[in-house]
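Undergrad: Sharing a structure here in structure tokens format.
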Amino acid sequence: MQGLVVERQNNKIRINSRTWIIEKKERENNYTPPLVESQAIAVKDKEKRGSKNGKGNLYLAGRTEILSLNLERIYRNVIKHTEKLKGEGKLETSLTDNEPLLMKDTLVLLYYMGRKAVLKKFLSWKLKKQVKYLSNPYLFYLNKHLDFHSSKVISMRTQTPMAPILTVYAYAYHILEEAYKNGRESITENHLMFELAEMLDMEEDKVEGEIEIMKAGKISGNMPIFDGGYVYLPWVYFLRKSALKMLAEVKPDSNGAVNEIVLPDNGNGDSKKAHELLSQLAANKYTILTGGPGTGKTTLLERIAGIIPNTQLSALTGKAAQRLGEDARTVHSLLGFGPRGFSKKELDCNLLIVDEASMMNWRTLHAVLLASPRIIFSGDPEQLPPVGGESVFKKMIETLPVVKLDKTWRFKNGLCVETIKKETEKEVFVALSNLLTALKHKDFQVITPIHGGLLGTRYLNTYIQGSFNPSPVILDNLRYKDRVIVTRNIYLDGELIAANGQVGIAEGVDTVEGNIYVCVGFQRNGSYNGSHNSSHNGSQRNGRVLVDRKDLELAYALTVHKYQGSECDYVVFIIPDRKKVREDFITDEMVLVGKTRGRMKTYVLEATGG
DNA sequence: TATCGTAG
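Counting from 148, one number per residue, gives the positions in the first sequence under my numbering.
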């Protein structure tokens, strides 16, 4: 969900990508522009969080006093919109005397913020429900129709709410969501109290009273949950509770397949570990396979999958799944991930293998526990945690049986890392450019933590493409022979023909039913090495596939998250200026993943920021 | 134009 973004450019103002013309109003006519307060609020919020890029494109709250917007145009549009819905019989108009004004304000604000879908939904509701929302706009947020900041703007502008406890709920929920983004699954009641007191500008005693009311309230809908001095997002609380209960079940259902396996020694030296893993599997529903980077977790998993009939391989990112083989999928794809969580249910398999399990959160854990009678969670607790929420894997490893691999196979001559530090990102960019010239004919991969900015995937990809691939353009900014990654699962007649995370080479364009597609060639296991190896035999997923341009990205530079679990000969790991990202974004875990991807050598290019 | 990932 998107907050309110306000920018000013000369005589125009941009709000969430919509542009409005600014009119100057004389002070003496004592006209208060209806939307000025909400603009001021939006700006204040933005300032509080700090303008990250420092571009200063936000205007000062004080200056909004002399500005107003062309409201007549908005009113006309809203009225037109309303009339249309009335014509379709989707709107009741029997408002009481007091409500039309509130209604008008709310409608205008929704329209003004570019929330047309919400506006339309709102207009289609029964009057009773509409009035409920009008009397407390935070319901828009609590019931997931709007983001927190938009609800706040409506509430401030329309001088609601009339039921303050809902406001406290909304703020509490918002505080929890922010904490979750920072990797916290819960916060203490005290923490919540301090935050609420600050945000609502209330006495702590009073907040304490509100918290008591919240605690006494019935649990319904999206309300924060209080338990044992901690406060949780409801979905985190319930899925966590349920997952912990399932994890406590030790014995697997009677299923002989695992018990009777005799493992031949393959001479690779990992048979002892494989036996250990198999005996754990026979005795326990859930087992953990762990080990540092390059200790052969994936290889062992592939071996186990080849031995135990009806094993489903999965991973937490598309790229990691693709690396496990053709039949592997993301957990999300297997279990029907959608806007309301996982929709699926049960998998028809003996054993589910979940790779890169350090990226699991409670929701994914809960889903896989429901799905399979037996699971191997494979991962390294020292590698990347989930995006949002805390590392569930770190907790599981304390209670579940663990098989640990400790011999490193990836780095034949020991881990080889060369760190190059530069003050500015620009200097890092120059160093990268020199380094790439040297690596041009080698098997290399650039990885970076971010998408945006000078050292993000988007710009680096364009840059590397520009200097390494002189081939003609085939579509948009894609060139013939470009190295690309598929960013979405692609189905043809219900069959998966290309998976998110698959890497290939753009080979041309084709037109089907008037739509233009990029023809992408894939090689077995997806590690496409541009110059050599261009055989396209095998099944469809290893051959040529037509992919929509929007489902492809250049793959010269990938994020560290995507590349976790992958490897190649030479890796360039970029660390941007830490001041340009959120302070604690570049963690030890990320650095560990980043510097352990190169088989021969990893170059770490770091912008120290001076 | 998003900190990172997942889905159709």
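Backbone N, C-alpha and C fix where the C-beta goes; we use that ideal spot for every residue, glycine too.
Please report the straight-line C-alpha distance between residue 97 and residue 311, rounded to a whole angstrom.
TA: The requested residue 97 is not part of the displayed model; the chain covers only 148 to 757.
Undergrad: Out of 710, 629, 555, which one is the CA nearest neighbour of residue 666?
TA: Within the first sequence, residue 666 is the residue found at index 519, counting from 1. With distances taken between Cα atoms, residue 666 lies closest to 629.
Undergrad: Could you tell me the distance, in whole angstroms, from the CA atom of residue 737 to the CA atom of residue 423?
TA: The count along the first sequence starts at 1 and reaches residue 737 at position 590. The count along the first sequence starts at 1 and reaches residue 423 at position 276. For residue 737 and residue 423, the distance between alpha carbons rounds to 30 Å.
Undergrad: So the candidates are 497, 669, 582, 637; which of them puts its Cα closest to the Cα of residue 611?
TA: In the first sequence, the residue the question calls residue 611 occupies position 464. Answer by Cα proximity: 582.
Undergrad: Taking only three categories from DSSP, how would you classify residue 183?
TA: If you number the first sequence from 1, residue 183 lands on position 36. The predicted model places residue 183 with a pLDDT of 38, which falls under 50 and marks its position as unreliable; any figure quoted below should be read in that light. The answer is helix: DSSP assigns residue 183 an H, G or I state.
Undergrad: As a quick exercise: from 487, 427, 719, 500, pick the residue whose alpha carbon is nearest that of residue 448.
TA: One-based indexing of the first sequence puts residue 448 at position 301. Per the Cα distances, 500.
Undergrad: Using a Cβ-Cβ cut-off of 8 Å (strictly less than) and excluding sequence neighbours within five positions of residue 352, which residues of its own chain qualify?
TA: Reading the first sequence from its first residue, position 205 is the one you call residue 352. Result list for residue 352: empty, nothing under 8 Å.
Undergrad: Give the DSSP-derived three-state secondary structure of residue 453 in the structure shown.
TA: Residue mapping note: residue 453 aligns to position 306 of the first sequence, counting from 1. Helix, per DSSP.
Undergrad: When DSSP labels each residue in this structure, what does residue 331 get in the three-state scheme?
TA: For the purposes of this step, residue 331 is taken as the residue at position 184 of the first sequence. Reduced to three states, the DSSP call for residue 331 is coil.
Undergrad: Can you have a look at residue 483 and say buried or exposed, based on whether 16 or more other CB atoms are within 10 angstroms of its CB?
TA: Reading the first sequence from its first residue, position 336 is the one you call residue 483. Label assigned to residue 483: exposed.
Undergrad: Just tell me which of 726, 537, 645 has its CA closest to the CA of residue 690.
TA: Locating residue 690 in the first sequence gives position 543, where the first residue counts as 1. The shortest C-alpha separation from residue 690 is found at 645.
Undergrad: Using three-state DSSP, classify residue 497 as helix, strand or coil.
TA: If you number the first sequence from 1, residue 497 lands on position 350. It is coil, neither helix nor strand.
Undergrad: Kindly provide the ranges of any beta strand (DSSP E) runs that are 3 or more residues long and lie completely inside the segment 474-524, ordered along the chain.
TA: List check, beta strand (DSSP E) in window: 498-502.
Undergrad: Pop quiz: residue 601 and residue 595 are said to be a contact at Cβ under 8 Å. What is the actual Cβ separation, rounded to whole angstroms?
TA: Position 454 of the first sequence, counting from 1, holds the residue named residue 601. Position 448 of the first sequence, counting from 1, holds the residue named residue 595. At roughly 10 Å, the Cβ-Cβ gap does not stay under 8 Å, so residue 601 and residue 595 are not in contact.
Undergrad: Between the C-alpha atoms of residue 579 and residue 593, what's the straight-line distance to the nearest angstrom?
TA: Your numbering for residue 579 matches position 432 in the first sequence. Your numbering for residue 593 matches position 446 in the first sequence. About 9 Å.
Undergrad: State the Cα-Cα distance for the pair residue 256 and residue 347, rounded to the nearest angstrom.
TA: To locate residue 256, count along the first sequence from 1; it is residue 109. To locate residue 347, count along the first sequence from 1; it is residue 200. Roughly 22 Å between the two C-alpha positions.
Undergrad: For residue 373 and residue 705, I'd like the C-alpha separation in whole angstroms.
TA: Sequence index remark: in the first sequence, residue 373 carries index 226 (1-based). Sequence index remark: in the first sequence, residue 705 carries index 558 (1-based). Their backbone Cα atoms lie some 40 Å apart in a straight line.
Undergrad: Compute the Euclidean distance between the alpha carbons of residue 635 and residue 358, then round it to the nearest angstrom.
TA: By one-based count along the first sequence, residue 635 stands at place 488. By one-based count along the first sequence, residue 358 stands at place 211. If you take the alpha carbons of residue 635 and residue 358, they lie about 43 Å apart.
Undergrad: Find out if the Cβ-Cβ distance for the pair residue 631, residue 613 is shorter than 7 Å.
TA: Along the first sequence, read from residue 1 onward, the residue named residue 631 stands at position 484. Along the first sequence, read from residue 1 onward, the residue named residue 613 stands at position 466. In this structure, residue 613 does not lie closer than 7 Å to residue 631 by Cβ.
Undergrad: Less than 7 Å between the beta carbons of residue 387 and residue 509, yes or no?
TA: In the first sequence, the residue the question calls residue 387 occupies position 240. In the first sequence, the residue the question calls residue 509 occupies position 362. Yes.
Undergrad: Excluding the five sequence neighbours on either side, which residues of its own chain have a C-beta within less than 6 Å of the C-beta of residue 480, listed in chain order?
TA: Residue mapping note: residue 480 aligns to position 333 of the first sequence, counting from 1. 636, listed in sequence order.
Undergrad: Compute the Euclidean distance between the alpha carbons of residue 390 and residue 591, then round it to the nearest angstrom.
TA: Taking the first sequence and counting its residues from 1, one reaches residue 390 at position 243. Taking the first sequence and counting its residues from 1, one reaches residue 591 at position 444. Their Cα atoms are separated by approximately 40 Å.
Undergrad: Does the segment 520-530 come close enough to the segment 423-438 to have 3 or more Cβ pairs within less than 8 Å?
TA: Yes: at least three Cβ pairs fall under 8 Å.
Undergrad: Cβ of residue 539 within 7 Å of Cβ of residue 516?
TA: Residue mapping note: residue 539 aligns to position 392 of the first sequence, counting from 1. Residue mapping note: residue 516 aligns to position 369 of the first sequence, counting from 1. In this structure, residue 516 does not lie closer than 7 Å to residue 539 by Cβ.
Undergrad: Going by alpha carbons, who is nearest to residue 294 out of 276, 261, 279, 250?
TA: Numbered from 1 along the first sequence, position 147 holds the residue referred to as residue 294. Among 276, 261, 279, 250, the Cα nearest to that of residue 294 belongs to 261.
Undergrad: Where residue 574 and residue 751 are concerned, what is the direct C-alpha to C-alpha distance, given to the nearest angstrom?
TA: The residue labelled residue 574 in the question sits at position 427 within the first sequence. The residue labelled residue 751 in the question sits at position 604 within the first sequence. Approximately 13 Å between the Cα atoms of the pair.
Undergrad: Please report the Cβ distance between residue 451 and residue 458, rounded to the nearest whole angstrom; I am assuming they are in contact, meaning their Cβ atoms lie under 8 Å.
TA: Residue mapping note: residue 451 aligns to position 304 of the first sequence, counting from 1. Residue mapping note: residue 458 aligns to position 311 of the first sequence, counting from 1. Yes, residue 451 and residue 458 are in contact; Cβ-Cβ is about 7 Å, under 8 Å.
Undergrad: Which residue marks the beginning of the beta strand (DSSP E) containing residue 700, and which one marks its end?
TA: Here residue 700 refers to the residue found at position 553 of the first sequence. Segment 699-701, the beta strand (DSSP E) holding residue 700.
Undergrad: What's the gap between the Cα of residue 616 and the Cα of residue 324?
TA: Taking the first sequence and counting its residues from 1, one reaches residue 616 at position 469. Taking the first sequence and counting its residues from 1, one reaches residue 324 at position 177. Whole-angstrom Cα-Cα distance: 43 Å.
Undergrad: Taking C-beta to C-beta, are residue 327 and residue 536 nearer than 7 Å?
TA: Walking along the first sequence from the start, residue 327 turns up at place 180. Walking along the first sequence from the start, residue 536 turns up at place 389. A contact, by the Cβ cut-off of 7 Å.
Undergrad: Exposed or buried, which one is residue 335 when buried takes at least 16 other CB atoms within 10 Å?
TA: Numbered from its first residue, the first sequence carries residue 335 at position 188. With fewer than 16 Cβ atoms within 10 Å of its Cβ, residue 335 is classed as exposed.
Undergrad: Please work out which residues of its chain come closer than 8 Å, Cβ to Cβ, to residue 355, disregarding the five sequence neighbours upstream and downstream, and give them in chain order.
TA: Counting from one through the first sequence, the residue named residue 355 turns up at place 208. Cβ within range, chain order: 340.
Undergrad: Which whole-angstrom value describes the C-beta separation of residue 371 and residue 377, a residue pair presumed to lie in contact below a C-beta threshold of 8 Å?
TA: On the first sequence, residue 371 is found 224 positions in, with the first residue counted as 1. On the first sequence, residue 377 is found 230 positions in, with the first residue counted as 1. 10 Å between Cβ atoms; not a contact.
Undergrad: Exposed or buried, what is residue 623 when buried is set at 16 or more other beta-carbons lying within 10 Å of its beta-carbon?
TA: Taking the first sequence and counting its residues from 1, the one referred to as residue 623 is at position 476. With fewer than 16 other Cβ atoms within 10 Å, it is exposed.
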